[in-house]
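In what follows, a single structure is set out as structure tokens and then discussed.
If you want it as structure tokens, here you go:
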């Protein structure tokens, strides 16, 4: 039977052999063929970001070609250049020659987090998200130019029950028509005329407001005031003024 020291010696030798094999395996170069462009890197480089597709490469995968000794991926080669650089440097930059959704799809395929994009590229990268949100808002707007049915109009004005019962009053029948004339310029020719007139008067109001501030467009206002005063009042005023004049001279 082996002694305890011999067993420990054998265990240490096995551990050293395993570490040596692991170190040699990490230094082994891999060839990655992405979209027809071959990239070469170390296996240790791909191990820097765990739990990703590239960190779990083995020769048992269907992507591995034993004849060419390379892994083939039918993905975007331009984006992969930035992804491989992320493994090398730890910094993920956004390539400006591709759209944002395509970059997100590539990151998802390789198992990377899109929130790891560097701050210098974040504003450019997130522009497509703002655009998508704006388009989603526009899609939710009621841009339908088709004329709605009478039932839809009644439902819009809260008169659905009266419409179904056939008990609409004259005002209830007239209210949707007046609303169409003022708020739906494409609903009828009359609504178009009212819309054009509204725009015309608005433009005239703005123009008149601007013109009245010009000096040449101002009209001076002359006001003449005629008053009637009795002779006694005139004499009293003259006497008072004469007294003031005498006092000033004596002083």
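In full-length UniProt numbering, the protein residues as written are 1 to 251. Using N, Cα and C, we set each Cβ at its ideal position, and we do this for glycine too. Because the structure is a prediction, the values reported are computed rather than measured.
Those residues which DSSP pairs with residue i across a bridge
i          : result
residue 72 : 33
residue 41 : 30
residue 92 : 117
residue 97 : For residue 97, which the question treats as bridged, DSSP gives no partner whatsoever.
residue 65 : 70
Straight-line Cα distance separating residue j from residue i
i           : j           : result
residue 59  : residue 87  : 20 Å
residue 64  : residue 126 : 35 Å
residue 128 : residue 175 : 43 Å
residue 242 : residue 236 : 10 Å
residue 22  : residue 43  : Reliability of the predicted coordinates at residue 22 is poor, the pLDDT of 43 falling under 50, and no value is obtained from them.
residue 178 : residue 213 : 37 Å
residue 117 : residue 183 : 46 Å
residue 165 : residue 188 : 28 Å
residue 160 : residue 186 : 24 Å
residue 167 : residue 217 : 58 Å
residue 119 : residue 139 : 31 Å
residue 130 : residue 215 : 48 Å
residue 68  : residue 61  : 14 Å
residue 57  : residue 123 : 33 Å
residue 158 : residue 150 : 12 Å
residue 195 : residue 221 : 38 Å
residue 238 : residue 225 : 22 Å
residue 173 : residue 200 : 29 Å
residue 75  : residue 98  : 13 Å
residue 240 : residue 206 : 56 Å
residue 89  : residue 82  : 10 Å
residue 193 : residue 210 : 26 Å
residue 102 : residue 152 : 41 Å
residue 169 : residue 202 : 34 Å
residue 109 : residue 156 : 47 Å
residue 66  : residue 73  : 15 Å
residue 96  : residue 55  : 26 Å
residue 208 : residue 219 : 14 Å
Residue i vs residue j beta-carbon contact at 7 Å
i           : j           : result
residue 40  : residue 51  : no
residue 80  : residue 34  : yes
residue 198 : residue 191 : no
residue 32  : residue 71  : yes
residue 163 : residue 121 : no
residue 114 : residue 105 : no
residue 100 : residue 53  : no
residue 77  : residue 37  : yes
Residue environment, residue i, which counts as buried when at least 16 other CB atoms sit within 10 Å
i           : result
residue 171 : exposed
residue 84  : buried
residue 290 : The requested residue 290 is not part of the displayed model; the chain covers only 1 to 251.
residue 132 : exposed
residue 154 : buried
residue 135 : exposed
residue 92  : buried
residue 107 : buried
Start and end residues, alpha helix (DSSP H) containing residue i
i           : result
residue 165 : 160 to 165
residue 175 : 170 to 183
residue 154 : 150 to 156
residue 199 : 189 to 211
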